[in-house]
Amino acid sequence: MKINKIAHIAIAVRDLETQVAFYRDVLGLELAGREVVADQQVKVAMFRVGSSMIELLEPTSEQSPIAKYLERRGEGIHHIAYDVDDVAAVLRELADKQVRLIDDAPRDGAHGAKIAFVHPRSTFGVLSEFCSGTHR
Ligand code: ZN
Numbered sequence: 004m005k006i007n008k009i010a011h012i013a014i015a016v017r018d019l020e021t022q023v024a025f026y027r028d029v030l031g032l033e034l035a036g037r038e039v040v041a042d043q044q045v046k047v048a049m050f051r052v053g054s055s056m057i058e059l060l061e062p063t064s065e066q067s068p069i070a071k072y073l074e075r076r077g078e079g080i081h082h083i084a085y086d087v088d089d090v091a092a093v094l095r096e097l098a099d100k101q102v103r104l105i106d107d108a109p110r111d112g113a114h115g116a117k118i119a120f121v122h123p124r125s126t127f128g129v130l131s132e133f134c135s136g137t138h139r
């Protein structure tokens with residue numbers, strides 16, 4: 004397994020615009036894009052930090068996994084995403100190492116990326132994502 008870099012750190016937020024203003028105006032980061040991911044029922048704002056991103060996630064419905072996260076744990080870091088060349092190969096390797104997966108196969112993420120999540124019980128409480136195709 005070879006991890007290229009941190010692709011993004013995702014942060015669960017209640018109000019995207021308030022936090023966009025903070026990251027853009029206070030931290031001076033470049034707002035690299037916005038997106039609605041229907042599948043995950045979230046609105047996303049992305050900030051470039053070097054070759055990595057900070058992604059702010061606001062739920063668009065009560066059923067969103069992010070809404071449930073906010074209810075349980077409040078605002079804060081939701082997951083870390085690692086950039087890899089081949090998500091399917093990484094999943095096979097992790098499964099071989101008895102790591103519990105949320106996604107058995109890569110699925111479609113934002114911007115045509117392939118993504119998969121690993122269960123936080125196998126990563127000491129840190130929800131971890133592996134993704135490819137997010138080089139921009
Ligand atoms: Zn992510």
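The sequence shown lines up with residues 4 to 139 when you count with my numbering. Using N, Cα and C, we set each Cβ at its ideal position, and we do this for glycine too.
Thinking C-beta only, is residue j closer than 9 Å to residue i?
i: valine 87; j: lysine 5; result: yes
i: alanine 13; j: leucine 59; result: yes
i: leucine 130; j: alanine 108; result: no
i: serine 125; j: arginine 110; result: no
i: isoleucine 69; j: alanine 15; result: yes
With DSSP as the reference, label residue i as helix, strand or coil.
i: aspartate 111; result: strand
i: lysine 8; result: strand
i: lysine 71; result: helix
i: serine 64; result: coil
i: valine 121; result: strand
i: threonine 126; result: coil
Taking the continuous alpha helix (DSSP H) assigned at residue i, which residues delimit it?
i: alanine 24; result: 19-24
Can you give me the C-alpha to C-alpha distance between residue i and residue j, rounded to a whole angstrom?
i: asparagine 7; j: glycine 36; result: 22 Å
i: serine 54; j: alanine 48; result: 16 Å
i: alanine 41; j: threonine 63; result: 9 Å
i: valine 29; j: glycine 112; result: 29 Å
i: phenylalanine 133; j: leucine 19; result: 24 Å
Quick one: give me the first and last residue of the beta strand (DSSP E) that residue i is part of.
i: aspartate 99; result: That residue, aspartate 99, is in no beta strand (DSSP E); its alpha helix (DSSP H) goes 90-99.
i: leucine 34; result: 33-40
i: valine 52; result: 45-52
i: valine 16; result: Unbroken run through valine 16: none, as it is neither H nor E.
i: glycine 79; result: 79-86
i: phenylalanine 133; result: 131-135
So, for residue i: in the same chain, excluding its five sequence neighbours on each side, which residues have a beta-carbon less than 8 Å away from its beta-carbon?
i: leucine 32; result: Tyr26, Phe50, Arg51, Val52, Ile57
i: isoleucine 105; result: Ala119, Phe120, Val121, His122
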